[in-house]
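K.L.:
Got a structure for you, questions after.
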Amino acid sequence: MQTVKKKVILSTASDITGALQKVYFLREEDIEKPRTASTLPRLAELNDYVPIRNLGGNAGQKILVDLIRPFQNGVHFISAETRGLFGSVLNDFGPRFTCVDHAREQCLTGMIVSVEKDKEGLVTCLDESRHGLEDGNFVTFTEVQGMTDLNGCNPRKVIVKGPYTFAIGDTSDLGEYV
Numbered sequence: 001m002q003t004v005k006k007k008v009i010l011s012t013a014s015d016i017t018g019a020l021q022k023v024y025f026l027r028e029e030d031i032e033k034p035r036t037a038s039t040l041p042r043l044a045e046l047n048d049y050v051p052i053r054n055l056g057g058n059a060g061q062k063i064l065v066d067l068i069r070p071f072q073n074g075v076h077f078i079s080a081e082t083r084g085l086f087g088s089v090l091n092d093f094g095p096r097f098t099c100v101d102h103a104r105e106q107c108l109t110g111m112i113v114s115v116e117k118d119k120e121g122l123v124t125c126l127d128e129s130r131h132g133l134e135d136g137n138f139v140t141f142t143e144v145q146g147m148t149d150l151n152g153c154n155p156r157k158v159i160v161k162g163p164y165t166f167a168i169g170d171t172s173d174l175g176e177y178v
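Using this note's numbering, the first residue of the sequence shown is number 1, and each one after it goes up by one.
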């Protein structure tokens, strides 16, 4: 809001309108209004099935559990905040949500040579292609032939056996890998 006020003082009306056009949810009639009051109804118009609420508080105030508590009972919570070039997002999808990307890295992809049909489910990668996985990582598969039940399967937990091999658990009830 300070930026808009500063532009009102230092700039012409056309400069202010140009600045507002860069912010999708703000319009010229929103000058001098709190940003939340201006953007909340416009955000709510995007999807009638998602309730949008103002948690109150002041800009820069930390989001505490007490602010979120009314949204528990199976309701998912997402909070996003931007500060110029930087921003933050807080997600709470409940106790049954599992985050499988703790390191926030891009997903690895690789080619495999075989998957053993047994209790261990040993996967062997293409020669000279280290898999780069760690114990506890999860993997999924596409384009597997023969053992097609792996294609699009739920993520399987990895146990690293070597730089070119890892185990994914019981595959004895699946088809033969081709």
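Positions of the beta carbon are idealized from the N, C-alpha and C atoms, including for glycine.
(1) Return the residue from the list 52, 85 and 86 that minimises the CA-CA distance to residue 183.
(2) Taking the continuous beta strand (DSSP E) assigned at residue 81, which residues delimit it?
(3) Once the 5 residues before and after residue 70 are set aside, which same chain residues still bring their CB inside 6 Å of it?
(4) Do the stretch 87-96 and the stretch 138-147 touch if we need at least three Cβ pairs shorter than 8 Å?
(5) Taking DSSP as the reference, what is the three-state secondary structure of residue 92?
(6) CA-CA distance, residue 117 and residue 167?
(7) Measure the C-alpha to C-alpha separation of residue 164 and residue 157 and round it to an integer number of angstroms.
(8) Identify every residue that forms a DSSP beta bridge with residue 151.
(9) Label residue 177 either buried or exposed according to how many other C-beta atoms from any shown protein chain fall within 10 Å of its C-beta, with 16 as the threshold for buried.
(10) Starting from the Cα of residue 124, find the closest Cα among 159, 90 and 91 and give me that residue.
(11) For residue 126, name the three-state secondary structure that DSSP assigns.
(12) Count the other C-beta atoms from every protein chain shown that fall within 10 angstroms of the C-beta of residue 90, then say buried if there are 16 or more, exposed otherwise.
(13) To the nearest angstrom, how far is the alpha carbon of residue 54 from that of residue 139?
(14) Which same chain residues end up closer than 7 Å to residue 172 when comparing Cβ atoms and leaving out the 5 residues on each side of it in sequence?
(15) Terminal residues of the continuous beta strand (DSSP E) containing residue 114?
P.N.:
From the atom records:
(1) Limits of the chain in this structure are 1 at one end and 178 at the other, which puts residue 183 out of reach.
(2) Working through the sequence shown from its first residue, we reach residue 81 at position 81. Taken as a continuous stretch (DSSP letters only), the beta strand (DSSP E) holding residue 81 covers 77-83.
(3) Taking the first residue of the sequence shown as 1, we reach residue 70 at position 70. Because the pLDDT of residue 70 is 49, which lies under 50, any placement of that residue in the model is unreliable, and the number read from its coordinates should be weighed accordingly. Taken in chain order, the list of residues that qualify is empty.
(4) no
(5) As a position in the sequence shown, residue 92 is number 92, starting the count at 1. In the structure shown, residue 92 sits in a strand (DSSP, three-state: E or B).
(6) Your numbering for residue 117 matches position 117 in the sequence shown. Your numbering for residue 167 matches position 167 in the sequence shown. Using only the alpha carbons, I get a separation of about 11 Å.
(7) Position 164 of the sequence shown, counted from the start, is the residue given in the question as residue 164. Position 157 of the sequence shown, counted from the start, is the residue given in the question as residue 157. Going by the C-alpha atoms only, they are around 16 Å apart.
(8) Counting from one through the sequence shown, the residue named residue 151 turns up at place 151. Answer is 141.
(9) Here residue 177 is taken as the residue at index 177 of the sequence shown, counted from 1. When all chains shown are included, residue 177 counts as buried.
(10) Against the sequence shown, residue 124 aligns to sequence position 124. Ranking the options by Cα distance to residue 124, first place goes to 159.
(11) Position 126 of the sequence shown, counted from the first residue, corresponds to residue 126. Three-state DSSP puts residue 126 in coil, outside helix and strand.
(12) Along the sequence shown, read from residue 1 onward, the residue named residue 90 stands at position 90. With fewer than 16 Cβ atoms within 10 Å of its Cβ, residue 90 is classed as exposed.
(13) What you label residue 54 is simply residue 54 of the sequence shown in a count that begins at 1. What you label residue 139 is simply residue 139 of the sequence shown in a count that begins at 1. Their backbone Cα atoms lie some 38 Å apart in a straight line.
(14) Here residue 172 refers to the residue found at position 172 when the sequence shown is read from its first residue. Counting only Cβ-Cβ distances below 7 Å, and skipping sequence neighbours, we find 117, 118 and 119.
(15) Counting from 1 along the sequence shown, the entry for residue 114 is found at position 114. Per DSSP, residue 114 belongs to the beta strand (DSSP E) from 112-115.
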